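Following my numbering, the numbering of the sequence shown begins with 808 at its first residue and continues without gaps.
To keep things clear, I will list the structure first and then write my remarks on it.
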Amino acid sequence: MKKDLKINTFYIIVGLASFLFSFLAVLALMHLGKISYNYPMTQVVVKDFGNGLKEVREDINRQDYITSFEFITPMGENLILPGGGWRVIDIDYGLGDFHTYRNRLKLYYLATLKEFRYVLIIWAIIFGAVYFFRKFKIKLI
Numbered sequence: 808m809k810k811d812l813k814i815n816t817f818y819i820i821v822g823l824a825s826f827l828f829s830f831l832a833v834l835a836l837m838h839l840g841k842i843s844y845n846y847p848m849t850q851v852v853v854k855d856f857g858n859g860l861k862e863v864r865e866d867i868n869r870q871d872y873i874t875s876f877e878f879i880t881p882m883g884e885n886l887i888l889p890g891g892g893w894r895v896i897d898i899d900y901g902l903g904d905f906h907t908y909r910n911r912l913k914l915y916y917l918a919t920l921k922e923f924r925y926v927l928i929i930w931a932i933i934f935g936a937v938y939f940f941r942k943f944k945i946k947l948i
């Protein structure tokens with residue numbers, strides 16, 4: 808006896824569409840995260856003006872490479888991402904190459920992959936709701 812397994816193509820389409828939607832939703836949510844960067848140790852300069860007044864500042868070499876990016880997701884996770892060959896000068900100035908959307912999108916994408924569990928949770932909720940309401944008809948009396 809041969810048994811056939813029948814899968815409704817509707818559920819395959821809904822599964823793929825809900826996965827795509829959940830991935831894009833989490834990617835859009837990552838835009839609310841905060842990006843900061845770490846750079847190599849700098850020289851601290853202390854100027855003494857007398858009368859107990861001192862000025863303390865850091866001398867940052869703008870040509871140094873970024874060691875890593877810190878991305879704090881809206882879910883509260885602190886992700887450490889590679890520096891990617893960027894220099895401090897690229898990020899400090901608003902007209903630097905880093906501030907184009909295409910370059911920041913790479914960080915959002917990597918953060919989405921690291922927070923992939925939220926993609927799966929949203930996918931399961933959407934797919935489960937569609938399956939439930941397709942399988943069971945609810946009538947209000």
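The C-beta atom is built at its ideal place from N, Cα and C for all residues, glycine as well.
Here the structure is a predicted model, which is why all the values come from computation and not from measurement.
Which whole-angstrom value describes the C-beta separation of residue i and residue j, a residue pair presumed to lie in contact below a C-beta threshold of 8 angstroms?
{"i": "A918", "j": "T880", "result": "6 angstroms"}
{"i": "I844", "j": "I887", "result": "Just to set this straight, residue 844 is Tyr in the shown sequence, not Ile. Wrong, their Cβ atoms sit about 11 angstroms apart, outside the cutoff."}
Between which residues of its own chain and residue i is the CB-CB distance below 6 angstroms, once the five residues before and five after are set aside?
{"i": "L836", "result": "P881"}
{"i": "G822", "result": "F934"}
{"i": "V854", "result": "Note on residue identity: the sequence assigns Lys, not Val, to residue 854. Closer than 6 angstroms at Cβ, skipping near neighbours: E862."}
Could you check which residue in the options has the C-alpha nearest to that of residue i?
{"i": "N842", "options": "K809, L947, F876 and V926", "result": "Before going further, note that residue 842 is Ile rather than Asn in the sequence given. Of the listed residues, the one whose Cα sits closest to I842 is F876."}
{"i": "E922", "options": "D811, M808 and G883", "result": "G883"}
{"i": "F878", "options": "D855, T816, K861 and K913", "result": "K913"}
{"i": "G815", "options": "F856, I873, K942 and I948", "result": "The sequence shown places Asn at residue 815, not Gly. Nearest option by C-alpha distance: K942."}
{"i": "L927", "options": "R911, N885, A824 and K946", "result": "A824"}
Exposed or buried, residue i, counting other C-beta atoms within 10 Å across all chains shown (16 or more means buried)?
{"i": "F830", "result": "buried"}
{"i": "L839", "result": "exposed"}
{"i": "L827", "result": "exposed"}
{"i": "Y846", "result": "buried"}
{"i": "F940", "result": "exposed"}
When the distance is taken between beta carbons, is residue j closer than 8 angstroms to residue i?
{"i": "Y916", "j": "L834", "result": "yes"}
{"i": "Y938", "j": "Y818", "result": "yes"}
{"i": "Y872", "j": "G892", "result": "yes"}
{"i": "G859", "j": "T874", "result": "no"}
Ordered along the chain, which non-local residues of its own chain (more than five positions away) have a Cβ less than 7 angstroms from that of residue i?
{"i": "D811", "result": "none"}
{"i": "K832", "result": "A quick correction: the sequence has Ala, not Lys, at residue 832. For A832, where only same-chain residues beyond five positions count, the Cβ hits under 7 angstroms are I929."}
If we cut at 8 angstroms on Cβ distances, does residue i have a partner in chain B?
{"i": "G891", "result": "The structure shown contains no chain B; it is built from a single protein chain."}
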